[in-house]
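Below: one structure, written as C-alpha cells.
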Amino acid sequence: MNYLLVLISLLFLGCNDTSQTFVHNKKILDAKIECMSLSVFPPNKTIEDTLNSFYPFKKECEYSLVISYKTSITCNSNQNADKKAYGFPQSYLRMELKYGAYLQYTYYKDLQDNLSAKDVQNGFEKMKEELQF
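Quick look at the structure:
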C-alpha cells in the first residue's frame, strides 16, 4: 500500500511545472508591451532563433528580454550530497523583462536535462500568459 502512495505521488510531481515567476513591478502586469529587444547571454543561436520565431524583436525598444542560462552544471562538493540525491539540476533558464535598466519580471526554471528549444518555448509561453505583448 505504501508503494502505491509513493508511485501516485511521483506521478503528480513528475507533471508539475517547477518554474517560478517573480513580478518586480506590479504595473508590468497591466502594461501593454509594444516592443522588446532581445539579449541572450552567453550568445546562443538556437535560443535566439527559437524566440525570434515567436516574437518580432526590435533593437531599439525600452523593454528588453534578457535571457541567461547555464548548462552541464556539475557539483563536486560533498556538502551538497542531499541535493544530489534528489536530483541536482543540470541546467537553468532565466528570462528577465527589463524596462530600461529596471527589472520588471523574471521567469526562472531549474532543468534536469540540458536546456532545449522546448524549454525556451515553454518559458516564453508562460511569460505571455502573465504579460501583455
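For the sequence shown, my numbering gives the first residue as 297, with consecutive numbering after it.
Built from N, CA and C at the ideal position, the CB exists for glycine as well.
Rounded to whole angstroms, what is the Cα-Cα separation between residue i and residue j?
| i | j | result |
| --- | --- | --- |
| K355 | D409 | 31 Å |
| L427 | A327 | 8 Å |
| C357 | K394 | 10 Å |
| A397 | V336 | 16 Å |
| H320 | I329 | 16 Å |
| V362 | K405 | 15 Å |
| S364 | Q316 | 15 Å |
| L407 | S349 | 22 Å |
| K424 | N418 | 10 Å |
Roughly how far, in whole angstroms, is the beta-carbon of residue i from the beta-carbon of residue j, given that I think they are within contact range, below 8 Å?
| i | j | result |
| --- | --- | --- |
| I343 | Q400 | Not confirmed; about 20 Å, so no contact. |
Helix, strand or coil, according to DSSP, for residue i in the structure here?
| i | result |
| --- | --- |
| M423 | helix |
| D406 | strand |
| L411 | coil |
| I363 | strand |
| K323 | helix |
In the DSSP assignment, the alpha helix (DSSP H) including residue i goes from what residue to what residue?
| i | result |
| --- | --- |
| E344 | 341-348 |
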